[in-house]
Amino acid sequence: MKKLLLPAVTAIAIYTISCNQTAMTSENSSTTQKNLTADSTIGEAFRTGDVSKIDSVVAADFVDHTDMGDKNRDSLKNFIKSIHEKLPDMKMTTINRAANDEYVYAWMNFVGTGDGSMGIPPGPFNIHTIELSKYKDGKATEHWGFWETREVVEQMKEMQHGMGNKPDSTKMKK
35 MKKLLLPAVT AIAIYTISCN QTAMTSENSS TTQKNLTADS TIGEAFRTGD VSKIDSVVAA
95 DFVDHTDMGD KNRDSLKNFI KSIHEKLPDM KMTTINRAAN DEYVYAWMNF VGTGDGSMGI
155 PPGPFNIHTI ELSKYKDGKA TEHWGFWETR EVVEQMKEMQ HGMGNKPDST KMKK
């Protein structure tokens, strides 16, 4: 048994070290850095409304997977412009971000005042999302966004109560 212990521990140590070095190399690779820079450029467009650099960091065949169907790069640019028209006081904060040679994940917080459009109820909003973008050759090729459902539901309830709507308790008992 003791004869197997040393080789087993050595094998586990080598495997663990090689896995950690691979992860560290991947996180610091030039491809990963290029993806993070492109992701920052997209984030800056959302912060400023300036879409002039989008074509340099978003692929021509980009697909944004939304709950209203797949959208393209032009749709993304129009969406960014719309946000600045309809939600001029919106602030976007990156809470955390992780990346590798293929994906950038960002945990985001959006705060502002909704006007009832763009799926955001009128009044103040504070919504957390996870934004996931896939990259190839330093350009975003796909995007998925995931909202914090509990926050959205609570804010929708507040909107309904603020409009004088009350839940029908007789329908809820079924």
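Note that this note's numbering has the sequence shown beginning at 35, numbered continuously upward. Note that the Cβ used here is the ideal one computed from N, Cα and C, for glycine as well. Owing to the predicted nature of the structure, the values given are computational and were not obtained by experimental measurement.
Report the partner residues of residue i according to the DSSP bridge assignment.
i      : result
GLY179 : GLU165
PHE159 : GLY146
LYS173 : LYS170
ALA72  : In DSSP, ALA72 forms no bridge with anything.
ALA79  : Paired residues: none, contrary to the question.
From residue i to residue j, what does the alpha carbon distance come to, in whole angstroms?
i      : j      : result
THR75  : MET190 : 31 Å
LYS115 : MET142 : 19 Å
ASP104 : ASP149 : 24 Å
ILE117 : SER64  : 32 Å
LYS173 : PHE144 : 24 Å
LYS120 : ASN160 : 16 Å
ASN69  : GLU136 : 8 Å
GLU188 : GLY83  : 28 Å
ILE154 : ASP171 : 34 Å
THR183 : ASP89  : 31 Å
ALA72  : MET102 : 25 Å
PRO122 : ALA93  : 27 Å
HIS162 : MET124 : 13 Å
ASN62  : GLU185 : 34 Å
So, for residue i: in the same chain, excluding its five sequence neighbours on each side, which residues have a beta-carbon less than 6 Å away from its beta-carbon?
i      : result
TYR139 : ALA132 and LEU166
Got a sec? Which residues, its chain only, sit under 8 Å from residue i by beta carbon, not counting five neighbours each side?
i      : result
ARG81  : MET126
GLU176 : PHE96, VAL97, ASP98, HIS99, SER167 and LYS168
For residue i, which of helix, strand or coil comes out of DSSP?
i     : result
ASN62 : coil
LYS87 : coil
Below 7 Å CB to CB, which residues in the same chain sit around residue i once its five sequence neighbours on both sides are set aside?
i      : result
SER109 : ASP98
PRO156 : GLY148, ASP149, GLY150 and MET193
THR66  : SER60, ALA133, ASN134 and ASP135
Beta strand (DSSP E) runs contained entirely in the stretch 92-137, provided each spans 3 or more residues: With a minimum length of 3 residues, the continuous beta strand (DSSP E) runs that stay inside the stretch 92-137 are 92-100, 103-105 and 125-133.
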